[in-house]
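In terms of the working numbering, the sequence shown is residues 525 to 977. Let me begin by presenting the structure, written as structure tokens, before commenting on it.
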Amino acid sequence: MHTNQPTSVNILGAGLAGSLLSLLLTKQGYQVSVYEKRDDPRNAQIAEGRSINLALSLRGWEALRKAGIEEVIRKQAIPMKGRMIHNLEGETHLQPYSADDKSIYSVSRAALNNILISQSEEKGVTFNFNHLCEEIDLAKNEASFRFSGETKRMPSDLLIGTDGAFSALRSALQKTPRFNYSQHYIAHGYKELSIPPTSEGEFAMEPNALHIWPRGGYMLIALPNMDKSFTCTLFLPYEGERSFAALQNKQQVRIFFENNFPDTLPLMPDLEEMFFQNPTSDLVTIRCYPWTYNGKQLLLGDAAHAIVPFYGQGMNAAFEDCRLFTEMLYGKTDDLAEVIFQFQKSRKPDADAIAELALQNFIEMRDLVADETFVERKKIEKELFLRYPEQWTPLYNMVTFSHRPYAEALSMGKKQDAIMQQVMQQYSKASALGGEDYAKIIAMLDGKQEAGD
């Protein structure tokens, strides 16, 4: 280790980002301690109703590969090749995620977190559970923790907040001059439900897909689990005619599902009990800057940029934060503060971009995936990708199956959207386009052609 590198790193939060980051830093020779207000999750039963299932994609896999645990996690992951759309009549059709057969992967948050903590401990990371962070002295870079009724003050060379959307480190930073912060709750909440395995112990639906019941303004989704169950998430407005506020008793819940998701009723025998047993949770976007006070602290993951879950990129973005930061840090003989300042400057535009993309994708998932024009448009984009893979990569592929910076993907996606809006004014069906038409669209992308030329 270089003499001017910090010998001690304290990480707040032993969730997914904190435990992965601790492993990456320990591999570089840092002395890492992680502080978590909750009990060790490895001691607990998996808590239902608390979290949305996680979709692991390329950015996340790359960080796990760098940490040396990709293969361990792959044994816990189920590939999902596309969206399985369920209409009101119970008919289904698959919309593949990629023309070249790529998948995203369903993983259990609890299983992933437990593996990350155990792997980090084996490499020498110290985990301190049941430590509530009460105060942070930014000038001293010291965090105070409540543990067994006593206060412990822990200084460090580097203090990192991976303690989620309601971060203690960010709360301290919010009291400093010129710190920008915003939070925005959408009108929807979410509630977790579950589809158990069949009586034969098998999956009740196609396991290699992310199931969506899009209903315009609200939706139900389901992701497969290793035990052959599905974790379902209902996204519904808090208020209004079709809302959580309108579902106050078991009969109302039963009628709502009969009218909107009838094919799920035979699959969820305990629907009403689950509905009222599991909490309804909020969905928030948080933006802030800077992510450090004096170059001795850093916010990462949700603590820096919490996003809504509709692009499946919250965890992947947090893991990419950890990978990019530790890559910038690796072998540096210059000032740690300079690395932190460079990292936040380079990463902030991407954090803002994925926040915007996630909000956009909610509209696509709940409203558009069942729309015929949207489906035809996706067919055209798929054909463009197959014919011109170097020039036209669909936005979803850029975000999910590439390392292209989120801000670049958002910018290119807006350009493609403007072109496709023109294209769809001319063609209602993908079958109406020939080779020359696709060549013209690519020319439009290069700015050499206008629609209709």
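Just so you know, even glycine gets a beta-carbon here, dropped at the ideal spot from N, CA and C.
Measuring CB to CB, does residue i end up less than 7 Å from residue j?
{"i": "Phe759", "j": "His708", "result": "no"}
{"i": "Ile639", "j": "Val596", "result": "yes"}
{"i": "Ile602", "j": "Ser630", "result": "yes"}
{"i": "Gly614", "j": "Asp787", "result": "yes"}
{"i": "Pro979", "j": "Arg890", "result": "There is no way to answer for residue 979, as the model of the chain reaches only from 525 to 977."}
{"i": "Gln915", "j": "Ile966", "result": "yes"}
{"i": "Glu659", "j": "Arg670", "result": "no"}
{"i": "Ile864", "j": "Tyr930", "result": "no"}
{"i": "Glu905", "j": "Pro918", "result": "yes"}
{"i": "Pro748", "j": "Pro731", "result": "yes"}
{"i": "Ala954", "j": "Lys903", "result": "yes"}
{"i": "Ser753", "j": "Ser718", "result": "yes"}
{"i": "Gly606", "j": "Ala746", "result": "no"}
{"i": "Asn921", "j": "Ser622", "result": "yes"}
{"i": "Lys561", "j": "Leu656", "result": "yes"}
What residues match up with residue i in a beta bridge as DSSP calls it?
{"i": "Ala685", "result": "First, the amino acid is wrong: residue 685 is Gly here, not Ala. DSSP, once it has assigned bridges, lists Leu536 and Leu823 as partnering Gly685."}
{"i": "Gln555", "result": "Ser532"}
{"i": "Ile810", "result": "Gln707"}
{"i": "Ile602", "result": "Ser630"}
{"i": "Ala579", "result": "Ser630"}
{"i": "Thr804", "result": "Lys715"}
To the nearest angstrom, how far is the alpha carbon of residue i from that of residue j?
{"i": "Lys699", "j": "Val556", "result": "26 Å"}
{"i": "Glu572", "j": "Glu716", "result": "For Glu572, the predicted model reports a pLDDT of 45, less than 50, meaning its position is unreliable and no value from the coordinates is stated."}
{"i": "Leu969", "j": "Met948", "result": "15 Å"}
{"i": "Asn704", "j": "Asn840", "result": "24 Å"}
{"i": "Gly819", "j": "Ala828", "result": "15 Å"}
{"i": "Leu791", "j": "Ser627", "result": "25 Å"}
{"i": "Leu883", "j": "Asp661", "result": "35 Å"}
{"i": "Leu544", "j": "Glu782", "result": "43 Å"}
{"i": "Leu540", "j": "Asp961", "result": "46 Å"}
{"i": "Thr804", "j": "Leu771", "result": "12 Å"}
{"i": "Arg574", "j": "Asn802", "result": "Reliability fails at Arg574, whose pLDDT of 47 lies under 50, so the model's placement of it is uncertain and the value that follows must be treated cautiously. For Arg574 and Asn802, the distance between alpha carbons rounds to 8 Å."}
{"i": "Ala587", "j": "Gly542", "result": "13 Å"}
{"i": "Gly764", "j": "Tyr742", "result": "12 Å"}
{"i": "Ser767", "j": "Arg778", "result": "14 Å"}
{"i": "Gly976", "j": "Gln946", "result": "Unreliable positioning characterises Gly976 in this predicted model, as indicated by a pLDDT of 45, which lies under 50. The coordinate reading is nonetheless provided below. For Gly976 and Gln946, the distance between alpha carbons rounds to 9 Å."}
{"i": "Asn637", "j": "Leu578", "result": "11 Å"}
{"i": "Lys774", "j": "Glu796", "result": "5 Å"}
{"i": "Leu822", "j": "Ala663", "result": "14 Å"}
{"i": "Ser668", "j": "Phe653", "result": "14 Å"}
{"i": "Cys846", "j": "Ala956", "result": "46 Å"}
{"i": "Tyr554", "j": "Thr757", "result": "39 Å"}
{"i": "Gln776", "j": "Glu645", "result": "48 Å"}
{"i": "Tyr835", "j": "Tyr817", "result": "30 Å"}
{"i": "Glu880", "j": "Val923", "result": "12 Å"}
{"i": "Ile736", "j": "Leu853", "result": "41 Å"}
{"i": "Met944", "j": "Gly958", "result": "16 Å"}
{"i": "Ser870", "j": "Tyr912", "result": "30 Å"}
{"i": "Thr686", "j": "Trp815", "result": "11 Å"}
{"i": "Gly648", "j": "Ile887", "result": "44 Å"}
{"i": "Ser691", "j": "Thr897", "result": "42 Å"}
{"i": "Gly971", "j": "Asn611", "result": "39 Å"}
{"i": "Asp563", "j": "Phe651", "result": "11 Å"}
{"i": "His617", "j": "Leu824", "result": "38 Å"}
{"i": "Tyr951", "j": "Ala942", "result": "15 Å"}
Out of the options, point me to the one whose CA is closest to residue i's CA.
{"i": "Ala635", "options": "Ala770, Met750 and Gly855", "result": "Met750"}
{"i": "Pro620", "options": "Ala875, Leu544, Asn534 and Val899", "result": "Val899"}
{"i": "Phe849", "options": "Glu615, Leu548 and Arg566", "result": "Leu548"}
{"i": "Ser706", "options": "Asp876, Glu797 and Gln837", "result": "Asp876"}
{"i": "Met608", "options": "Met729, Met798, Asp564 and Gln915", "result": "Met729"}
{"i": "Pro873", "options": "Gly971, Tyr813 and Ser581", "result": "Tyr813"}
{"i": "Leu682", "options": "Ser935, Thr531 and Phe768", "result": "Thr531"}
{"i": "Ile641", "options": "Gln950, Tyr559 and Met944", "result": "Tyr559"}
{"i": "Leu744", "options": "Asn784, Thr722 and Leu824", "result": "Asn784"}
{"i": "Tyr762", "options": "Tyr714, Ala733, Ile736 and Ile719", "result": "Tyr714"}
{"i": "Trp585", "options": "Lys551, Gln643, Phe843 and Ser691", "result": "Phe843"}
{"i": "Ala591", "options": "Arg566, Gln552, His617 and Asp941", "result": "Gln552"}
{"i": "Ala538", "options": "Ile736, Lys964 and Asp826", "result": "Asp826"}
{"i": "Glu594", "options": "Ser723, Gln868 and Gln643", "result": "Gln643"}
{"i": "Ser810", "options": "His655, Phe925, Ser632 and Ile710", "result": "In the sequence on display, residue 810 carries Ile and not Ser. The shortest Cα separation from Ile810 among His655, Phe925, Ser632 and Ile710 belongs to Ile710."}
{"i": "Leu697", "options": "Gly673, Ala769, Asn665 and Thr722", "result": "Asn665"}
{"i": "Arg633", "options": "Thr755, Phe780, Ala769 and Lys856", "result": "Thr755"}
Please list the segments of the alpha helix (DSSP H) lying wholly inside the segment 757-792, counting only runs of 4 or more residues, in order along the chain. Secondary structure remark: continuous alpha helix (DSSP H) runs of at least 4 residues inside the segment 757-792, in chain order: 774-784.
Report the start-end ranges of each alpha helix (DSSP H) in the segment 861-936 that is 4 residues or longer and not cut off at the edges. The segment 861-936 contains these whole alpha helix (DSSP H) runs: 896-911 and 919-924.
Which runs of the alpha helix (DSSP H) fall wholly inside the segment 691-770 and span at least 4 residues, in chain order? Correct list: 692-697.
4 or more residues per run - each alpha helix (DSSP H) lying fully within the segment 606-680: With a minimum length of 4 residues, the continuous alpha helix (DSSP H) runs that stay inside the segment 606-680 are 633-646.
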